[in-house]
Amino acid sequence: MTMTPRECVLAAIEHREPDAVPVDLGATPSSGISATAYGKLKQHLGMDGGHTRIYDVVQQLAQPEDAILDRFGVAVVDVGRTFNDRDQDWYEIRLADGQRAQYPAWFKPEAKADGTFIARNRHGLDIAHMPTGGTFFDQSVFPWLDGYPSDMAAALPAAMQQVLWAELVHSPWDHAGEPGFWAQLRQRTLALRASTDRAIMIVCGCNLFEWGTFLRRMDNFMMDLYTEQDSVRAFVDAIMVHHMAALEKVCAAVGDCCDILRFGDDLGMDSGPFMSPAVYRDLFKPHHTRLCDYVHRNSGMKTFLHSCGSIRELLPDLIEAGYDVINPMQTNCRGMEPESLKKDFGKDICFWGGGCDTRAVLNRATPGDVRRHVLERLEILSPGGGFVFNTVHNILSDVPPENIVAMFEAVADFNGKKADDQSVQ
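Under the working numbering, think of the first position of the sequence shown as 1, with each following residue one higher.
What follows is the structure in structure tokens.
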């Protein structure tokens with residue numbers, strides 16, 4: 001009996017050989033596609049209907065429509081797509097290249113005379129900018145830039161409201177403050193599960209290191225990891241109270257009807273982790289372990305961590321902390337060669353991504369080169385499960401649509417050959 005897309009995803013995570021390599025496009029804000037690239041892709045495919053809806057306004061990511069999911073055999077979707085499901089939840093805009101797209105009704109950035117866009121929080125504070133011709137918003141406020149407050153727990157809620165990642169949040173969390181949200185989340189997730197055989201993802205964040213960089217700014221927080229460790233510990237303790245309260249509600253609402261819960265915490269740069277493994281074990285690993293343990297004890301969901309960069313040195317600790325999935329496998333960073341990662345860690349964690357390099361191949365190579373590159377990655381990463389196909393990171397605005405099609409057609413051809421080989425056996 002042929003596996004459903006959901007069964008293929010779960011088999012891959014559990015290191016069982018699925019009938020087909022499962023594919024993701026847009027199930028997370030780190031495995032998606034920019035609105036500009038999405039519009040060009042639809043034009044290339046001759047798809048005139050529908051809408052380019054920007055569900056993640058910070059990164060300007062489009063929510064893939066059912067026709068695109070079907071076209072490319074996508075095996076997983078985010079519950080956020082069940083919100084903002086009416087035409088009146090959106091309004092028309094123009095992208096930097098002139099394409100038509102739509103923003104959520106609640107997002108109303110100000111256009112300046114020089115072409116810059118400014119986004120404000122609920123109190124009218126300027127918190128993010130997108131420059132002329134830009135394709136995403138940049139953070140403009142770092143609430144604790146001058147130092148940690150004396151009472152971090154008390155100061156956190158107001159500080160978080162000044163950060164674009166919390167105030168300009170993607171669905172379903174743009175509805176989180178509404179009455180009856182948790183009941184709505186459950187109802188919509190159950191309806192989604194009944195209507196699709198794709199795996200279902202919920203994005204939950206719970207970032208730790210990254211929240212330090214959002215509040216203190218990257219340069220300051222990096223120094224804090226070594227010179228202000230007591231303050232970092234106090235900060236992480238305070239934000240964990242916030243995260244655990246949200247996580248408890250998520251698990252209670254959808255822990256039995258979502259398949260995967262996606263956490264985030266970028267821990268690496270091109271050359272290596274942002275911190276030594278010893279510092280990670282001291283400051284962050286116990287809390288990551290607590291998050292994973294809670295999900296595994298209180299739901300049926302798999303735990304998924306998005307972390308960019310060169311994190312090979314941290315992978316043993318991340319596996320020990322309880323993550324089932326790591327995303328994206330940034331293969332263009334030091335020590336992140338797919339062959340060695342699959343050999344050394346492929347039986348212990350599922351790699352979600354790394355199927356196509358987005359820095360130098362998908363955006364710059366010919367369609368033929370993209371195809372060869374993808375097939376090579378599939379041969380390396382797919383055996384024995386433990387792999388869900390996705391790019392190294394989001395498909396950005398400079399990616400030609402021909403290359404996107406070539407990438408997904410390569411996966412389809414690989415899966416077709418896999419099915420033929422299985423039928424012969």
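All C-beta atoms in this analysis are idealised placements derived from N, C-alpha and C, irrespective of residue type, glycine included.
The structure displayed is predicted, hence computed values, not measured ones.
Residue burial is scored here from C-beta neighbours: THR189 has at least 16 other C-beta atoms within 10 angstroms and is therefore classed as buried. Where PHE304 is concerned, the enclosing beta strand (DSSP E) starts and stops at 302–306.
In terms of CA proximity to ALA105, ILE93 leads the group ASP97, THR116, ILE93, GLY98. Non-local beta-carbon contacts of GLY353 in its own chain, meaning distances under 7 Å to residues more than five positions away in sequence, involve SER31, ASN327, PRO328, MET329, ASN390, THR391, VAL392 in chain order. Rounded to the nearest angstrom, the gap between the Cα atoms of PRO157 and ALA365 is 45 Å. The count of Cβ pairs closer than 8 Å, one atom from the region 178–198 and one from the region 133–146, stays below three, leaving the stretches out of contact. Nearest to LEU145 by alpha-carbon distance, out of ASP97, CYS257, ILE311, LEU215, is LEU215. In terms of Cα proximity to GLY39, the closest of GLN187, PRO400, PHE408 is PRO400. For VAL9, the closest alpha carbon among the candidates MET160, VAL411, GLY386 is that of GLY386.
For PRO104, the enclosing beta strand (DSSP E) starts and ends at 100–104. Boundaries of the alpha helix (DSSP H) around HIS296: 285–298. Minimum Cα-Cα distance from PHE304 among the listed residues ARG16, ALA27, GLU339, VAL21 corresponds to ALA27. In terms of Cα proximity to MET201, the closest of LYS343, ASN207, SER310, LEU192 is LEU192. Taking a 10 Å sphere around the C-beta of LYS342, we find 16 or more other C-beta atoms and assign the residue as buried. As the crow flies, the alpha-carbon of ASN394 is around 9 Å from that of GLN59. About 6 Å separates the CB atoms of PHE263 and LEU291; that is less than 8 Å, so the two are in contact.
C-alpha of GLY355 to C-alpha of VAL23: approximately 10 Å in a straight line.
Contact annotation: SER397 and ARG334 have beta-carbon atoms that are not nearer than 8 Å. PHE209 has its alpha-carbon roughly 30 Å from the corresponding atom of THR132. Between GLY300 and ALA419, the alpha-carbon positions lie close to 29 Å from each other. The alpha-carbon of SER310 is positioned some 31 Å away from that of MET152.
Look at VAL388 here: in three-state DSSP terms it is strand.
With a cut-off of 8 Å on Cβ pairs, the region 64–73 is not in contact with the region 162–173, counting fewer than three such pairs. For GLN88, the CB contacts under 8 Å within the same chain, skipping 5 residues up- and downstream, are ALA105 in chain order. Residue environment: MET47 is assigned as exposed (fewer than 16 neighbouring CB atoms within 10 Å of its CB, all protein chains considered). Here DSSP, grouped into helix, strand and coil, assigns GLY212 to helix. Under the 10 Å beta carbon count, THR227 is surrounded by fewer than 16 other beta carbons and is classified as exposed. Scanning its chain for C-beta atoms nearer than 7 Å, with the 5 sequence neighbours on each side dropped, one finds around GLY134 the residues ALA96, in chain order. For CYS257, there is no enclosing beta strand (DSSP E), since its DSSP letter is neither H nor E. For GLU339, no beta strand (DSSP E) encloses it; the enclosing alpha helix (DSSP H) starts and ends at 338–345.
Under the rule that a run must span 4 or more residues, the alpha helix (DSSP H) segments found entirely inside the region 45–71 read 66–71. Shortest Cα-Cα distance from LYS42 to any of VAL21, GLU65, ALA412 involves GLU65.
At a Cβ-Cβ threshold of 8 Å, GLU339 and ILE380 count as neighbours. Closest option to ARG312, judged by alpha-carbon separation, among LYS302, PRO143, SER276: SER276. Considering only GLU376, ARG281, ALA199, ARG233, the residue with the shortest C-alpha distance to MET3 is ALA199. Taking the C-beta atoms as reference points, VAL236 is found no nearer than 8 Å to LEU267.
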